[in-house]
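Novice:
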Amino acid sequence: MINGLCQSGSSSTTRVFLRSARTLRLSHIPRRCFSSSTPQSPSISRRFAGLTGAATLALTGYFLVRSSRSELRCEAEQEKEAHDPVGDKDYEDEPDVVPILAVEASDQRFDSERTPYGIGEGSSYIPMKEVARHDLAHDAWVVIDGKVYDVTNFHKYHPGGSKIIVANAGRDVTELYNAMHPPGILSQNLAPENYKGMVNPSEAAKALEAIEKEKARILDARDALPPVETMLGLDELQIAAESFLSPRVINYYAAASLDGYTLAQNRNSFRQCRLIPRIMRDVSSISPQTILFGIPSALPIYISPASNALLGHPDGELNLTRGAAKTGIIQGVSAAASFPLIEILDEKERMDEELGGKMGMVYQIYVQTDRGRTEEIVKEAVAGGVQALMLTVDSAVLGHRQSTDKLIGTKNDAEPGIRMKPFEEWPPYHDPRLNWEDLGWLKELAQGIPIYLKGISHIDDVRKAKEHKLAGCILSNHGGRQCDQARTGFESLRSIHSEDPQLLKDVEVYIDGGIRRGTDVLQAIAFGARGVGLGRPFLWAQAAYGEKGVIRAVRILESEIVMAMRLLGVTRLDQVDPKMVECLQDFWK
636 MINGLCQSGS SSTTRVFLRS ARTLRLSHIP RRCFSSSTPQ SPSISRRFAG LTGAATLALT
696 GYFLVRSSRS ELRCEAEQEK EAHDPVGDKD YEDEPDVVPI LAVEASDQRF DSERTPYGIG
756 EGSSYIPMKE VARHDLAHDA WVVIDGKVYD VTNFHKYHPG GSKIIVANAG RDVTELYNAM
816 HPPGILSQNL APENYKGMVN PSEAAKALEA IEKEKARILD ARDALPPVET MLGLDELQIA
876 AESFLSPRVI NYYAAASLDG YTLAQNRNSF RQCRLIPRIM RDVSSISPQT ILFGIPSALP
936 IYISPASNAL LGHPDGELNL TRGAAKTGII QGVSAAASFP LIEILDEKER MDEELGGKMG
996 MVYQIYVQTD RGRTEEIVKE AVAGGVQALM LTVDSAVLGH RQSTDKLIGT KNDAEPGIRM
1056 KPFEEWPPYH DPRLNWEDLG WLKELAQGIP IYLKGISHID DVRKAKEHKL AGCILSNHGG
1116 RQCDQARTGF ESLRSIHSED PQLLKDVEVY IDGGIRRGTD VLQAIAFGAR GVGLGRPFLW
1176 AQAAYGEKGV IRAVRILESE IVMAMRLLGV TRLDQVDPKM VECLQDFWK
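In terms of the numbering used here, the numbers along the sequence shown are unbroken and rise by one, the last being 1224.
Right, here's the structure in full:
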């Protein structure tokens, strides 16, 4: 029973000094006073029911006098403690809860050698040297914005993979975290008990000072870029972005699996073909419009799902949404986007209202090891109004991206065997059990929204997709980030066209990977692709110039597509055919 606990009017958050051998964990208590006649929250009853013996606890704003199994009595304590481990966060946006610590019984006893909070030392802060001790896969703490979190159980299910978290365990990861995640996303993925406390403000300030200095440098560098109108090719937008982004961001966007052969070949495969122009045809009026994923599109291109746009620009994927809406192309939203899907959908709705139309949006999904989470994600996407789903199927295991691994780094410690697991042993985030029989389950979740398989290379897999009545396929090698020396999307397309051209009429087929010019787009269209996706070029564009960079990239491609159509003597995309392209013989076999 809780008697006399009420909000004192202060919004400050509580902290706890432990004077018994029991573990305390974070919780929330309803914003109301409790009395013997007030119904208790079941969760609170459970948290307090296990306490035994006497405990004396000091709380910011409250004082817990004594406790036993049957009763806890609290009296309001108006004196605000000098230090607050959680910070003076304004909780006016959470009117139904009071941000205080509640007691939860635990059989775990404190180890005097490893106990945080400075218990018995008169300090409420966790020293960084204590955080540094929790730097193993089975005992992982991190510091974000001065707060300490236990991510031991979370890293196994991290969408970006376990490796990056474990490699940075025991460190202040504020810069890395804030560069890849929007504010508030942490609270959606970690339980309250994962919060451990605050580091000393003087120690946290050093990291924050460096972050603010880097932000200022990037802002100055971005302001000094040439006008976006002077960018004449997609590669120029990349060069502009690389001129000021940190090596870590550049490496992440450019990374490829192993030797990077497939990444390079993605572009080279288009260089091995030649267009054959036609003359003396009326090309005064050109229309590059088409239908992609069942959605009208101004051009035969779309933004491929690509993660962590926030690394390059504070508005991240929202830049892509705005740019796509204003140019009439379709945005593919990554399952590992920096912003939550709901925020991207809200931006889409805002753009629809502003422009008086309805932009196209498709959503990428992975089947996670926790299939219940996959169901939640699909239901959210369907309810949010996405027009199609892309199921990525080439990631049973994450590719070994050596350059990224080197930047993540490793630490020499007393347990090197834990630090340097072979990459294939890291806990899988994508379910390696995914198979064709699972498609019925996904179709039911999609409620009629078309599903496209992304990451196909073999003609037999396209045929199987047709047998399972899927909407279509994206021929892709994941931007060269998965299986190195895999064939390119364009090579797979040519192979299918050579073996079974009718299949390309029966099934919607798209490709991605290596497209940088309008002529690349038309080569793909000639061999039967409905459209092509571009991922990295739009990441670079938005990193350099934000929304304007995305629009500029689209306009560059539009100009090149229209020009090439005129030179080929066609006025519509359905007039582009294989006879207009010649390629080096058998290069795709």
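Glycine included, every Cβ here is placed at the ideal spot set by N, Cα and C.
#1: Using the Cα positions of residue 1207 and residue 1157, report the straight-line distance between them to the nearest angstrom.
#2: Measuring only the C-alpha atoms, how far is residue 933 from residue 862?
#3: Is residue 989 buried or exposed, if buried means 16 or more other CB atoms sit within 10 Å of its CB?
#4: Cβ atoms of residue 1066 and residue 1109: under 8 Å apart, would you say?
#5: Using a Cβ-Cβ cutoff of less than 6 Å, which residues in the same chain neighbour residue 842 once the five nearest sequence positions on both sides are dropped?
#6: By the three-class DSSP mapping on this structure, what secondary structure does residue 779 have?
#7: Give me the Cβ distance between residue 1163 and residue 1192, rounded to the nearest whole Å; I'm assuming they're in contact under 8 Å.
#8: Between residue 856 and residue 879, how many whole angstroms is the CB-CB distance? I'm expecting something under 8 Å.
#9: By alpha-carbon positions, which one of 1026, 902, 1119 and 912 ends up nearest to residue 1106?
#10: Can you name the start and end residues of the beta strand (DSSP E) that residue 909 belongs to?
#11: Assuming contact is defined by CB atoms lying nearer than 8 Å, are residue 778 and residue 766 in contact in what I supplied?
#12: Output the boundary residues of the beta strand (DSSP E) element that contains residue 965.
#13: State the Cα-Cα distance for the pair residue 937 and residue 1167, rounded to the nearest angstrom.
#14: Quick check on this structure: which residue in 1010, 835, 1084 and 769 has the alpha carbon closest to the alpha carbon of residue 781?
#15: Looking at the strands, I want to know which residues DSSP matches up with residue 815.
#16: Write down the C-beta distance between residue 1160 and residue 1134 rounded to the nearest angstrom, noting that I regard them as a contact closer than 8 Å.
#17: Let me check one thing: in DSSP terms, what residues is residue 1171 bridge-paired to?
#18: Please go through the same chain and pick out, in chain order, the residues whose beta-carbon is closer than 6 Å to the beta-carbon of residue 1153, but skip the five residues on each side of it.
#19: For the beta strand (DSSP E) holding residue 1107, just list the boundary residues, first then last.
#20: Could you tell me if residue 865 is buried or exposed, where buried requires 16 or more neighbouring beta carbons within 10 angstroms of its beta carbon?
#21: Taking the alpha-carbon of residue 961 as reference, which of 969, 982, 1032 and 975 has the nearest alpha-carbon?
#22: At the level of alpha carbons, what is the spacing between residue 935 and residue 1189?
#23: Any chance the segment 919-927 sits against the segment 948-960, with 3 or more Cβ pairs inside 8 Å?
#24: Could you give the DSSP three-state label for residue 832: helix, strand or coil?
#25: With residue 1165 and residue 1144 assumed to form a contact (beta carbons below 8 Å), what rounded beta-carbon distance in angstroms separates them?
#26: On the DSSP letters alone, give me the boundaries of the beta strand (DSSP E) that residue 1072 sits inside.
#27: For the beta strand (DSSP E) containing residue 1217, list its first residue and its last residue.
#28: Candidates 1141, 1137, 1149 and 1116: which alpha carbon is nearest residue 1126's?
#29: Using a C-beta cutoff of 8 Å, does residue 1084 count as contacting chain C?
#30: Under the DSSP definition of a beta bridge, which residues are partnered with residue 932?
#31: Could you tell me the boundaries of the beta strand (DSSP E) in which residue 1023 lies?
#32: Measuring alpha carbon to alpha carbon, tell me which residue in 832, 763 and 788 is nearest residue 775.
#33: Look at the Cβ atom of residue 957, then the Cβ atom of residue 1102, and state whether they are nearer than 8 Å.
#34: Where does residue 860 fall in DSSP's three states?
#35: Going by DSSP in three states, residue 896 sits in which element: helix, strand or coil?
#36: Considering only the alpha carbon of each residue, which of 805, 1180, 874 and 1120 lies closest to residue 773?
Specialist: For this structure:
#1: 11 Å
#2: 25 Å
#3: Burial call: exposed.
#4: No.
#5: 807 and 809
#6: strand
#7: With a Cβ gap of about 20 Å, residue 1163 and residue 1192 do not count as contacting.
#8: So it is a contact: roughly 3 Å between Cβ atoms.
#9: Ranking the options by Cα distance to residue 1106, first place goes to 1026.
#10: 908-910
#11: yes
#12: Following the DSSP letters along the chain, one finds residue 965 inside the beta strand (DSSP E) bounded by residues 965-968.
#13: Each residue's Cα considered, the two are about 6 Å apart.
#14: 835
#15: Bridge partners of residue 815: none, in fact.
#16: The pair is not a contact, with the Cβ atoms about 19 Å apart (cut-off 8 Å).
#17: According to DSSP, which records beta bridges pairwise, residue 1171 is partnered with nothing at all.
#18: 1192, 1195, 1196 and 1199
#19: 1107-1110
#20: Under this definition residue 865 is an exposed residue.
#21: The residue with the shortest Cα to Cα distance from residue 961 is 982.
#22: 11 Å
#23: no
#24: strand
#25: 6 Å
#26: Counting along the chain, residue 1072 falls outside any beta strand (DSSP E), and DSSP gives it neither H nor E.
#27: 1216-1218
#28: 1149
#29: Although the question refers to chain C, the structure presented lacks it and comprises just one protein chain.
#30: The partner list for residue 932 (beta bridge, DSSP) reads 925.
#31: 1023-1027
#32: 788
#33: no
#34: Coil.
#35: helix
#36: 805
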